[in-house]
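Letter 246 of the sequence shown, counting from 1, is numbered 258 in the working numbering, and no numbers are missing.
Quick reminder that beta carbons are idealized off the backbone N, C-alpha and C, glycines included.
Below is one structure, written out as structure tokens; comments come after it.
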Amino acid sequence: MLSSHPVEPLADPVTPVSEAPVTDIPVAGAPVTDITVPDTRVPTEPTLSVIVCCYTERRRRLLDTAIAEIRAQLCPDDELVVVVDHNETLMADLATAHPDAIVRANDGSRGLSDARNTGTAAATGDVVVFIDDDACPAPGALAAVRARCADTGIVAVGGAVVAQWDSPAPRWFPEEFGWVIGCDYRGLPGDGSAIRNPIGAAMAVRRDALNDIGGFSTRLGRRGTMPAGCEETLMGIDLRRRDPSSEILRDTGFGVTHVVTDDRARFGYFARRCYQEGRSKAILSELAGSGEALASERRYTTRVLPSGVWRHRRNPSRVGALVAGFVLTCAGYASGLAGRGRRMSG
13 MLSSHPVEPL ADPVTPVSEA PVTDIPVAGA PVTDITVPDT RVPTEPTLSV IVCCYTERRR
73 RLLDTAIAEI RAQLCPDDEL VVVVDHNETL MADLATAHPD AIVRANDGSR GLSDARNTGT
133 AAATGDVVVF IDDDACPAPG ALAAVRARCA DTGIVAVGGA VVAQWDSPAP RWFPEEFGWV
193 IGCDYRGLPG DGSAIRNPIG AAMAVRRDAL NDIGGFSTRL GRRGTMPAGC EETLMGIDLR
253 RRDPSSEILR DTGFGVTHVV TDDRARFGYF ARRCYQEGRS KAILSELAGS GEALASERRY
313 TTRVLPSGVW RHRRNPSRVG ALVAGFVLTC AGYASGLAGR GRRMSG
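This is the structure:
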């Protein structure tokens, strides 16, 4: 979730350059060899396959809004892929309503991970862009992805995910826990900074690299209304292991608004999401090792949360939510570790 790059100082414009003697001037009529021509080619922007995964008719209005905005930002060689997670009625309806899109049924197990894998398999673009069905890209979002991914050293990009609450955000909700609702949170690095992994509502990944690591793990990720996660975290870790020189960056120009419905504004959802995140982190630690799996979380728990308690000291309910969220996440992690121990002993 967290880190940055130092800015390298500019070269001193008055530093003298040693002059080498001019030798080997070609004679007229003689063949010219070993002349270096500067590379003036402009980096080629990649083609995009925008993938939206959905599973319920209840978000149909939001989905149609997202599709309309995505379509407005596509270039001629880009494509839109809509993946329906085991809902035949919604699948037929979307195929009829959006004939210009590639509409596919999730051909794997139920859940977001295999839905994304299905979309990746159907895609042909250089970069696959994942946008949630309850999120909508801001103007210029896809252009930001193209510009950033013109640099072939960047393997993935995470966008800025802004919460769009159906009702005003509850007074007790702390900004440090924006990840609970799938949005940006206090403690994220700034624009252009290196990150371990993107937030799933707005992420872009080079398709060949994603295929090389086997896509998203089906042991992680949301299934229907079960608020699990961490599949993006494992993806980020695997991408860096595949090529340690590659970069995953945050680009706030790649922005989306993410709708937060009233049911997600309740403390009960907050508690379940924190607990399930802890359980997912335990599985992630098993798959990737606790060092990389929890690297960002260590900074978050030792710096971001304590500063949040001080920042919200005049709002006892918000401080209480900070403490409760931390305790519930730890409880979920402990439960996940205990489950792993039982599986190993069995």
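Counted within 10 angstroms of its Cβ, other Cβ atoms place residue i as buried (16 or more) or exposed
i: W191; result: buried
i: G212; result: buried
i: E289; result: buried
i: G280; result: exposed
i: C361; result: The structure shown has nothing for residue 361, since the chain only spans 13 to 358.
i: A300; result: buried
i: L340; result: buried
i: E243; result: buried
i: T245; result: buried
i: R73; result: exposed
i: P149; result: buried
i: D250; result: buried
i: G152; result: exposed
i: G257; result: The question names Gly, yet the displayed sequence has Ser at residue 257. Exposed: under 16 other Cβ atoms inside 10 Å.
i: R158; result: buried
i: G226; result: exposed
C-alpha distance - residue i paired with residue j, whole-angstrom precision
i: L349; j: I295; result: 8 Å
i: G332; j: A172; result: 27 Å
i: L154; j: F266; result: 6 Å
i: R252; j: N209; result: 10 Å
i: T264; j: D275; result: 27 Å
i: A277; j: H270; result: 13 Å
i: A133; j: A307; result: 31 Å
i: D90; j: G131; result: 14 Å
i: A78; j: A147; result: 7 Å
i: S61; j: V140; result: 5 Å
i: V169; j: Q85; result: 17 Å
i: M13; j: D119; result: For M13, the pLDDT reaches just 38, beneath the cut-off of 50, and the residue's location in the model is therefore unreliable, although a value from the coordinates is still provided. Straight-line Cα distance between these residues: approximately 31 Å.
i: Y312; j: E57; result: 35 Å
i: E309; j: C161; result: 27 Å
i: E259; j: G194; result: 22 Å
i: A135; j: L102; result: 20 Å
i: V316; j: E188; result: 7 Å
i: L232; j: A216; result: 19 Å
i: P28; j: D203; result: Its pLDDT being 39, under 50, P28 is placed unreliably in this model, and the coordinates cannot settle the point.
i: R284; j: P182; result: 17 Å
i: K293; j: Y345; result: 6 Å
Other residues of its chain near residue i: CB distance less than 6 Å, five sequence neighbours each side excluded
i: A145; result: A quick correction: the sequence has Asp, not Ala, at residue 145. These residues qualify, in order along the chain: V64, C66, R71, L75.
i: V174; result: T269
i: R116; result: V95, T130, A134
Supposed close pair residue i, residue j - CB separation, criterion 8 Å
i: G137; j: R219; result: 6 Å
i: D11; j: T230; result: Only positions 13 to 358 of the chain appear in the structure, and residue 11 is not among them; the question remains open.
i: S297; j: W184; result: 30 Å between Cβ atoms; not a contact.
i: A206; j: L124; result: About 25 Å; that fails the 8 Å criterion.
i: R122; j: G320; result: So it is not a contact: roughly 36 Å between Cβ atoms.
Proximal residues to residue i (C-beta, below 7 Å), its chain only, five neighbours per side dropped
i: Q176; result: T269, H270, V271, V272
i: R325; result: V331
i: F228; result: S125, R128, N129, E243, M247
Residues of its chain near residue i, where Cβ-Cβ distance is below 8 Å and the 5 sequence neighbours each way are ignored
i: H110; result: I79, L92, V94
i: D196; result: A172, V173, V174, A175, G190, I211
i: I143; result: V62, I63, V64, A78, I82, P149, A213, A214, V268
i: V335; result: V321
i: A343; result: Y287, G290
Beta-ladder partner(s) of residue i, from DSSP
i: C65; result: V95
i: Q176; result: V271
i: M103; result: Paired residue(s): none; M103 is not in a bridge.
i: F142; result: I63, M215
i: A113; result: Its beta-bridge partners do not exist; DSSP assigns none.
i: R278; result: According to DSSP, which records beta bridges pairwise, R278 is partnered with nothing at all.
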